[in-house]
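To convert, take the position in the sequence shown, counting from 1, and add 379; that gives my numbering. Read the structure below first, then the notes.
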Amino acid sequence: MNTDSTSSSSVSFPFKELFSASSIIFYQCKVEENFPLLFISGNVSDILGFKAEEFYEDDQLWIERIHPEDRDMVIQQFEQVIEEEIFAKEYRFKHADGHYIWLYDEVKLVNDEEGNAESIVGSSIEITDRKRAEENLHELNKQLEQRIKERTADLTRAYDRLHLLEMAIANINDMVIITKAPKESPLDSKIVFVNDAFEQFTGYTAKEAKGKNPTLLHGPETSDEVKDRIEENIKSLDPLREEFINYKKDGTPYWVELDMAPFPAENEDEVYWVGINRNITPRKEAEHQIRKSLKEKEVLLAEIHHRVKNNLAIISGLLDLQAFNEEDSEVLSKFRESQARIQSIAMVHEKLYQSHSLSSIEINTYIDQLTDYISEVFEYDDTQITFQNNADPIELEINTAVPCGLILNELITNAFKHAFKGRDEGVIEINFQKEDQTITMEVKDDGVGLPAEVDFPSASTLGLTLVETLMDQLGANLEVESGNEGTSVSIRFELG
């Protein structure tokens, strides 16, 4: 065992309590069938949900909780450790609550002075979050795989359990920093231990770091908000996990994920803090690239919606020019109806361009804009028509919004033109609701009702043919009620 003043043996503190406060499970087992446990750290209950006593009492418990697809591989690795001496494996473990988590184990064979296999030691850390990140980020997060490679590199001369644990913390690849502070002044902490990984990564030697406050790693980009939260947790002696920017000795910034927890010191007036610093710079860079890529796609999609809206406006303008000198009122009406259809689509793209998501619009504000446009385009004599928009603020994606907009345009236009002939005023009510995944939209008027000879929606007009086609596209059902008190057209469909 190394006795240099910068090694872990120069620091006296209760390692069992230290490892109970960490996120790493340490264990030691016999080189026998089923590999019975000699020791397992007490934090196993926090990570796996089982008490340490349960593993001591049942040699099969650990093996039985390994995922069936991973079990043979793990057992085979343990059986081969006598020949290979060391291995590292990731596998799924069934938590006491019944769900599976991912564990990363590093295992090493310990020999006695005569070279005979004495025991097996290992460390286990939950990597469920990392595995989920790998599934989501795919190729972008390859740098994040297997952050911890050799935590127990030099255990061949370990004689007892305490020294084994002491060497493990000194040699794990995650940075470990231990500080000690007076309870009355918890922020006045001094570094008492750093491991080799800390020295190699930060550039600070143990001699340079010991006696200093851990804020020596902070710099101009270290979040003040995070620092305030860390200070509050330290004052209240609460464990913490934070992500923030630290700095190496040469001034290079890096992202760190810090797990820190307090544990008792020999002197009851003092407290130890153990911190495990993990370099997550590659992950943060990958996240930055993803956000950058998404932003570029959002800008491109917004531009597409904007151009579609402008192109539709050009088409509408051409129709307007064509209709300018048209004297036939029936032909002119057809032009206006075509313009309204084009405008109903253009409004969807305009709303999408203005929305945060770029993929959905609020139907209630869309209906307000649509009815305003129809009122301007189809202005009839002295009839005063009032719109009542009772639509809920429902978000619709473009594939649903466009056909709904066209259907609403046809139904509202039809009511506007025909429902109030011979009357001074009228009301058109638009209802749009969602219950579970069922959408119900209704256009209702208090007009003269449908003529007896009209078979809605089978009438052979372009508008009603368009409605029928769009209903097929949505998989919608139609209900029509008409009488002396007006007409109600109700359409229902399921969101896909």
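By construction, the Cβ of each residue, glycine as well, lies at the ideal position given by its N, Cα and C atoms.
Residues of the same chain with a CB within less than 7 Å of the CB of Glu433, apart from the 5 flanking positions on each side, are Leu440 in chain order.
Under the three-state reduction of DSSP, Gln763 is assigned to strand.
Ala496 and Ile461 have their alpha carbons spaced roughly 7 Å apart.
Classified as exposed, Gly477 has fewer than 16 neighbouring CB atoms from the shown chains inside 10 Å of its CB. Note on the stretch 804-866: whole beta strand (DSSP E) runs with a minimum of 3 residues are 804-814, 817-824, 856-862, in chain order.
In the DSSP assignment, Asn490 falls within the unbroken beta strand (DSSP E) covering 479-490. Per DSSP, reduced to three states, the secondary structure at Ser615 is coil, with no helix or strand assignment. The secondary-structure analysis by DSSP pairs Val500 across a beta bridge with Gln407, Lys487.
DSSP places Ala798 in the coil class of the three-state scheme, outside both helix and strand. Nearest to Glu709 by alpha-carbon distance, out of Lys796, Tyr626, Lys628, Ala640, is Lys796. The alpha-carbon separation between Asn574 and Thr631 amounts to approximately 20 Å.
Relative to the Cα of Ile504, the nearest Cα in the group Tyr583, Asp851, Arg657, Ala770 belongs to Arg657. Ranked by how close their Cα comes to the Cα of Ser498, the residues Gln852, Asn413, Ile426, Thr762 have Asn413 in first place.
Here Ile764 is not near Ile791, since their CB atoms are 8 Å or more apart. Secondary structure note for Glu436: its alpha helix (DSSP H) is the uninterrupted segment 431-436.
Rounded to the nearest whole angstrom, the C-alpha separation of Trp481 and Ile669 is 25 Å. Of the residues assessed, Leu616 falls on the exposed side of the cut-off, its CB having fewer than 16 other CB atoms within 10 angstroms. DSSP places Ile465 within a strand segment (E or B) once states are collapsed to three. In this structure, DSSP gives Glu649 an extended state, which the three-state scheme calls strand. When rounded, the separation of the alpha-carbon atoms in Val423 and Lys430 is 7 Å.
When secondary structure is reduced to three states using DSSP, Ser564 falls in the coil class, being assigned neither helix nor strand. Put simply, the stretch 775-788 touches the stretch 845-856. At least three CB pairs are less than 8 Å apart. Apart from the 5 residues on each side of it in sequence, Asp825 sits with its Cβ closer than 7 Å to the Cβ of Gly805, Val806, Glu864, Gly865 in its chain, given in chain order.
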